[in-house]
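Below is one structure, written out as structure tokens; the observations come after it.
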Amino acid sequence: MEILDWKSMAGMAGTYRKARELGLEANIAELETFGFTVIEPEKTGASPGFAGRMLEKLMEAARQEDDQAVELNKHADAEKPAFGRQLFHLMERDPVFIEGVMNPAVRTMASYLMGMSYRLSGLVAFVKEGTARSTPMHCDSVGVPTPLPHYGSVCNVSWILTDYAAETGTLGMVPGSHRYCRHPTEMEQPKFIGGAMDDAMVTPVNARPGSLAVFTGNTWHCTYPKVTEEVRAHVAIAFCRNYVNPAENYADIADEVIAPYGPELARLVGKNAWQGYHAEGPKLENMALVRAAYQSQYG
Ligand SMILES: O=C(O)CCC(=O)C(=O)O
Ligand SMILES: [Fe+2]
């Protein structure tokens, strides 16, 4: 049917029309139904070498960065939220990461999930070399109290950079868990992670390099134990709603880095945020940018 600019769905029309144009309607249906979806490399619109280039730049960044530069690495593995190496604040390291954010399929899924006032929350790589234990079951709504809002406060759009399957330590999803609107309890770990949950509740995300794994901030996920030696990596792009304090601070990213990508990247990194004012108070035009969010979750 024709999608009109219905006032009651403020923000949705443009996003949905774009999703239709990009062939992402089935992915939206999967997200709604199961809480996650995989967009195949051919549907992302990225060039065939894109994931290879991102992996190369990521591994270069990993070689250059002292692993003690990351706070989490100062803790024992058992204490850390995820096993293996994580690299944060990737945006400034190479333009390939900005390209990853600006990809039309990425932005369409993000604005579908977070409303058109969506913001960038962070770019974090999960890199595992050699065998690796599982990352425990969790959802990405850090700090959000139960009950979680059904529409989600954050979402995860991840560039899969290597072959993802159970044996290579892929993400394990609990289909439908986005509707539980709560965090998993300590008891709710699958048996393969040492908990009491039936392993059949969890399903592996099978994805080729260059795919996008997309899931809501309410969707329960973990990782399968990695039994292979080769490197396994994905770059998770986290987006949030306009009122959420983004995980990463982009104040240090120079305007010259952002300018070539146009006003949308500037908005995504908070240059037009209504928050963050001093005595001068908020700018009315920035407050106007989130008006549609009053009308619907897509605004
Ligand atoms: O790869 C991992 O260990 C965890 C990944 C994860 O939880 C995420 O991308 O949100
Ligand atoms: Fe996660």
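If you count the sequence shown from 1, position 183 lands on 253 in the working numbering, and the numbers rise without skipping. Glycine included, each C-beta is placed from N, C-alpha and C at the ideal position.
Going by alpha carbons, who is nearest to residue i out of the options?
i	options	result
Glu334	Arg189, His159, Asp136 and Gln156	Arg189
Glu318	Asn97, Leu160 and Ala146	Leu160
Pro219	Gly287, Glu199 and Ala270	Gly287
Ala336	Asp325, Met71, Met179 and Leu157	Asp325
Val224	Val284, Pro245 and Asn173	Val284
Ile307	Leu193, Lys127 and Arg87	Leu193
Glu100	Val314, Thr289, Ala321 and Leu128	Thr289
Cys209	Thr232, Thr255, Gln345 and Ser181	Thr255
Lys113	Glu95, Lys127 and Gly122	Glu95
Arg302	Gly115, Gly170, Leu359 and Met124	Met124
Gln138	Glu126, Arg155 and Pro316	Arg155
Met82	Leu241, Met179 and Ile328	Met179
Thr240	Thr205, Gly213, Tyr313 and Tyr331	Thr205
Asp322	Gly340, Thr201 and Ser117	Gly340
Leu231	Gly170, Pro165, Gln259 and Gly222	Gly170
Phe153	His348, Thr293, Gly351 and Ile328	Thr293
Tyr320	Ile263, Glu126 and Asn342	Asn342
Leu338	Val360, Glu91, Glu350 and Trp76	Val360
Leu92	Asp164, Ala175 and Met71	Ala175
Ala148	Asn356, Lys127 and Ala202	Ala202
Phe120	Phe167, Trp344, Lys144 and Val108	Phe167
Val212	Gln134, Phe262 and Asn226	Asn226
Ala329	Gln134, Met172, Lys77 and Gly115	Met172
Val327	Asp136, Glu130 and Glu162	Glu162
Phe262	Tyr221, Met207 and Ser78	Met207
Arg177	Val140, Ser78 and Ala116	Ala116
Thr273	Tyr347, Pro245 and Arg249	Pro245
Tyr364	Asn312, Arg249, Val140 and Asp136	Asn312
Have a look at the DSSP bridge pairing and note the partners of residue i.
i	result
Phe285	Phe106 and Asn226
Lys296	Ala202 and Thr238
Phe309	Leu190 and Cys225
Arg302	Lys198
Gln156	Phe196
Thr273	Met243
His348	None, per the DSSP bridge assignment.
His253	Answer is none; His253 lacks a bridge partner.
His145	In the DSSP output, where bridge partners are listed per residue, His145 has none listed.
Using three-state DSSP, classify residue i as helix, strand or coil.
i	result
Phe262	helix
Met71	coil
His248	helix
Thr216	coil
Thr178	helix
Met267	strand
Gln317	Note that residue 317 corresponds to Ala in the displayed sequence, not to Gln. Looking at Ala317 - three-state DSSP - the assignment turns out to be coil, as it is neither helix nor strand.
Met243	strand
Would the beta-carbon of residue i fall within 7 Å of that of residue j?
i	j	result
Ser228	His291	no
Ala132	Val197	yes
Phe309	Met186	no
Phe106	Met243	yes
Glu110	Ser247	no
Leu142	Lys150	yes
Ser366	Ala80	yes
Val275	Glu237	no
Tyr234	Ala277	yes
Gly369	Ala362	yes
Asp269	Pro260	yes
Lys316	Ser191	It should be noted that the sequence gives Pro, not Lys, for residue 316. Yes, the Cβ-Cβ distance between Pro316 and Ser191 is below 7 Å.
Arg252	Pro215	no
Thr85	Ser181	yes
Asp164	Lys127	yes
Glu72	Gly200	no
Ligand 4 and residue i: does any heavy atom of the ligand fall closer than 6 Å to the residue's C-beta?
i	result
Asp210	Ligands displayed in this structure: ligand 1 and ligand 2; ligand 4 is not among them.
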